[in-house]
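Comments concern the structure below.
Number of protein chains: 2
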Amino acid sequence: MSNIRRVGTMTAAVEDYLKTIFLLSTRGEPVTTGALARELHVSSPSVSAMMKRLSDGHLVDRGTGVHLTEQGVREALRVVRRHRLLETFLAQSLGMSWDEVHVEAELLEHALSERLEARIDAALGHPTRDPHGDPIPPAAGAHDESWGRPLAGTPSGSRFRVERVSDRDSAALRYLGEKGIRPGFVLEVGDQEPYGGSFMVRLGGEQIALGQVLTHLVFGTIIEEES
Amino acid sequence: MSNIRRVGTMTAAVEDYLKTIFLLSTRGEPVTTGALARELHVSSPSVSAMMKRLSDGHLVDRGTGVHLTEQGVREALRVVRRHRLLETFLAQSLGMSWDEVHVEAELLEHALSERLEARIDAALGHPTRDPHGDPIPPAAGAHDESWGRPLAGTPSGSRFRVERVSDRDSAALRYLGEKGIRPGFVLEVGDQEPYGGSFMVRLGGEQIALGQVLTHLVFGTIIEEES
DNA sequence: CGGATGAATTAGACATGTCTAACATCCGGC
DNA sequence: GCCGGATGTTAGACATGTCTAATTCATCCG
Ligand SMILES: [Mn+2]
Ligand SMILES: [Mn+2]
Ligand SMILES: [Mn+2]
Ligand SMILES: [Mn+2]
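Each protein sequence line maps, in turn, to chains A and B.
Take the first sequence: its position 82, counted from the start at 1, is 82 in our numbering, and no numbers get skipped.
Take the second sequence: its position 78, counted from the start at 1, is 1078 in our numbering, and no numbers get skipped.
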């Protein structure tokens, strides 16, 4: 009856699996039973069972690890699009902070009709990035999910433009947001303090010390010095 | 895993059953297995099974028909509140027409967190009526769900203020909306054409003929002539 | 009073999605 | 070449929510 399913076999669970497979693989991480179980907070037998279902439904192929089929990618992109559009909407139109929107979007993404998706997209002026800098897949056409390089390991003295910040860790997001580290801002990279200490960066005259964990959540590019 | 459930036993299905029981009973209709099956588009054994579960969970009592317990009413009101807040939001903030919002809200109502509910409520300025004139239950405190009287049977010559329009029939809503029949407007009631013909009303100088079905979807009060 | 009718429940099945416990398999190190 | 540990799958169970078919039960009518 009035369930949260849409076309054919697309349930909230299937959508979350597809999305997670997509994100893991575009991050270059191996897509294994274990990785999916960890990521989705389910047991590995649950993942095994779901992979069987997705495979039967021609949404994934199984060789070494799991790979989305063309149709699987298409469905995954639809979910990712809804997720990121919703995050953008919640932040922009309802004033939610960037560390709150992910959890909300995680639920709403499964209940968003195509019509409402189009309305939100239009109301926002067809945005291409969500509040964390994640690219929003277009309704139709190609999508580029490249991550740039992590802030970790950036050589001292370079200038680093922040492009994306991982939205997984809400507390870290809040912390980074307070420090002003958001997509679009440029950091002057300083030294890594010895023995796994803080990573020093400068933003608008302010000196900021970032713990190891944080430098692996911030992605962007090194700006070539225009001499 | 990331399911659409919230506290304890509250699933989308349970929420829809509670809401439907609440609406049937406040409309004064008998709340029977058959009525619920019809209303929710499920078989009667499905309803029987769910009534057993709700009864075990102390959400309903079963004597002649089904009755919500105090806790059942509380939960039902929470769902109705979310539904109507969402309808109001979709209409007001996203420009959806009043015949589109019900279907959307039917899905979203199960995925709305308390936090987001509060945001939407605040953004709208704590509205008390949804686009169809249905009262929005407050987050806490008493709620009045009275329906007024149907337009059908209103004596010729009286003035009738439209207060609520049933949101069940989308096509009828669109039609009524085009004619300008919305909550807040006052109709001058004319004659019922013979043999089950149209019901004639006048709105802002315009003569409108309403079919039988429509006059049972419009509710309001007769205005006492201020002489 | 007995049968037809209709409403509700019971019985039994299935799909989805999860779990734990047990088993299989692979791979690196010795 | 075998062995232990990690990784993954199978087996079996359970909760939720739905269905169809069969049964029960009350009621109404002749
Ligand atoms: Mn999700
Ligand atoms: Mn994001
Ligand atoms: Mn619903
Ligand atoms: Mn409504």
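Note that beta-carbon positions come from the ideal geometry of N, C-alpha and C, so glycine has one too.
Please identify the residue among the options whose C-alpha is closest to the C-alpha of residue i.
i       : options                               : result
A/Q71   : A/F22, A/A209 and A/T33               : A/F22
B/G1057 : B/E1015, B/L1151, B/P1138 and B/L1077 : B/E1015
A/P127  : A/F160, A/E106 and A/R82              : A/R82
A/A172  : A/G65, A/V42 and A/L214               : A/L214
B/A1139 : B/H1110, B/A1118 and B/A1123          : B/A1118
A/V162  : A/R202, A/E193, A/G34 and A/Y195      : A/R202
B/A1105 : B/E1178, B/R1168 and B/Q1207          : B/R1168
A/I223  : A/Q207, A/V189, A/H67 and A/G197      : A/V189
B/S1113 : B/R1078, B/S1093, B/L1094 and B/A1142 : B/R1078
A/V103  : B/G1205, B/G1141 and B/R1115          : B/R1115
B/G1205 : B/S1093, B/L1094, B/G1133 and B/L1187 : B/L1187
Residues of chain B with CB under 8 Å from residue i, in chain order?
i      : result
A/I120 : L1094
A/E117 : Those within 8 Å of A/E117 in chain B number zero; the least Cβ separation is about 11 Å.
A/L173 : By Cβ distance, chain B contributes nothing, its closest Cβ being about 16 Å from A/L173, past 8 Å.
Look at the alpha carbon of residue i and the alpha carbon of residue j, and state the distance between them as a whole number of angstroms.
i       : j       : result
A/G211  : A/P45   : 36 Å
A/T26   : A/G65   : 14 Å
B/L1018 : B/A1111 : 16 Å
A/V80   : B/L1151 : 47 Å
A/A158  : B/W1098 : Reading off the sequence shown, one finds Ser at residue 158 of chain A, where the question assumed Ala. One C-alpha to the other measures close to 55 Å.
B/G1153 : A/G125  : 48 Å
B/T1032 : B/R1129 : 29 Å
A/A122  : A/E100  : 23 Å
A/I181  : A/P137  : 24 Å
B/A1209 : B/R1038 : 30 Å
B/L1040 : B/M1050 : 12 Å
B/V1218 : B/V1165 : 5 Å
A/S55   : A/V73   : 13 Å
A/P309  : A/G196  : The structure shown does not extend to residue 309 of chain A, since chain A spans only 1 to 227, so no value can be given for it.
B/V1047 : B/R1053 : 10 Å
A/H67   : A/T20   : 11 Å
B/G1141 : A/G133  : 42 Å
B/L1108 : A/S93   : 17 Å
Looking only at its own chain, which residues have a Cβ that is under 6 Å from the Cβ of residue i, when we skip the five neighbours before and after it?
i       : result
B/D1191 : S1156 and M1200
B/G1220 : G1148, F1160, R1161, V1162 and E1163
B/T1009 : G1057
A/S2    : Annotation note: pLDDT 38 at A/S2 (below 50); position unreliable, coordinate value reported separately. Around A/S2: no qualifying Cβ.
B/E1075 : L1018
B/K1179 : I1208
So, for residue i: in the same chain, excluding its five sequence neighbours on each side, which residues have a beta-carbon less than 7 Å away from its beta-carbon?
i       : result
A/I120  : L85 and F89
B/F1185 : V1162 and L1203
B/P1131 : E1087, T1088, A1091, W1098 and V1101
B/K1216 : Inspection of the sequence shows that residue 1216 of chain B is occupied by His rather than by Lys. Answer for B/H1216: P1150 and A1152, listed in chain order.
A/S198  : A209, L210 and G211
Please work out which residues of its chain come closer than 8 Å, Cβ to Cβ, to residue i, disregarding the five sequence neighbours upstream and downstream, and give them in chain order.
i       : result
A/D144  : P135
A/E29   : A35
B/T1069 : H1058, L1059, V1060 and D1061
B/Y1175 : L1214
B/G1177 : S1097, W1098 and D1099
In the DSSP assignment, the alpha helix (DSSP H) including residue i goes from what residue to what residue?
i       : result
B/L1173 : S1170 to K1179
B/L1203 : Per DSSP, B/L1203 belongs to no alpha helix (DSSP H); it is in the beta strand (DSSP E), F1199 to L1203.
A/R78   : E70 to L94
A/L54   : S44 to D56
A/G34   : T33 to L40
B/D1016 : A1012 to T1026
A/E106  : V101 to L108
From what residue to what residue does the beta strand (DSSP E) around residue i run?
i       : result
A/D121  : That residue, A/D121, is in no beta strand (DSSP E); its alpha helix (DSSP H) goes E114 to A123.
B/I1208 : E1206 to L1210
A/I222  : V218 to I223
B/V1189 : V1186 to Q1192
B/R1182 : First-last for B/R1182: undefined, no H or E at that position.
B/D1061 : V1060 to G1063
A/R164  : R159 to V165
Under 8 Å Cβ-Cβ, which residues of chain A neighbour residue i?
i       : result
B/L1104 : A small fix is needed here, since residue 1104 of chain B is Glu in this sequence, not Leu. Near B/E1104 (Cβ distances below 8 Å), the residues of chain A are S113, R115 and L116.
B/L1054 : Ordered by position in chain A, no residue passes the 8 Å Cβ test against B/L1054, which lies about 15 Å from the chain.
B/L1024 : Neighbours of B/L1024 on chain A: none; closest Cβ ~16 Å, over 8 Å.
Run down chain A in chain order and give the residues with a C-beta less than 9 Å from the C-beta of residue i.
i       : result
B/A1091 : Chain A residues near B/A1091: none, gap ~11 Å exceeds 9 Å.
B/A1123 : S93, L94 and G95
B/L1018 : Correct list: empty, because the minimum Cβ distance to chain A is about 13 Å.
B/L1203 : Going along chain A, no residue has its Cβ under 9 Å from B/L1203, so there is no contact; the nearest lies around 29 Å.
Residues of chain B with a CB under 7 Å from the CB of residue i: which are they?
i      : result
A/H83  : Those within 7 Å of A/H83 in chain B number zero; the least Cβ separation is about 12 Å.
A/A142 : What A/A142 touches in chain B: nothing, since even the nearest Cβ is about 28 Å away.
Which bits of chain B does residue i rub up against, with CB to CB less than 9 Å?
i     : result
A/L36 : By Cβ distance, chain B contributes nothing, its closest Cβ being about 11 Å from A/L36, past 9 Å.
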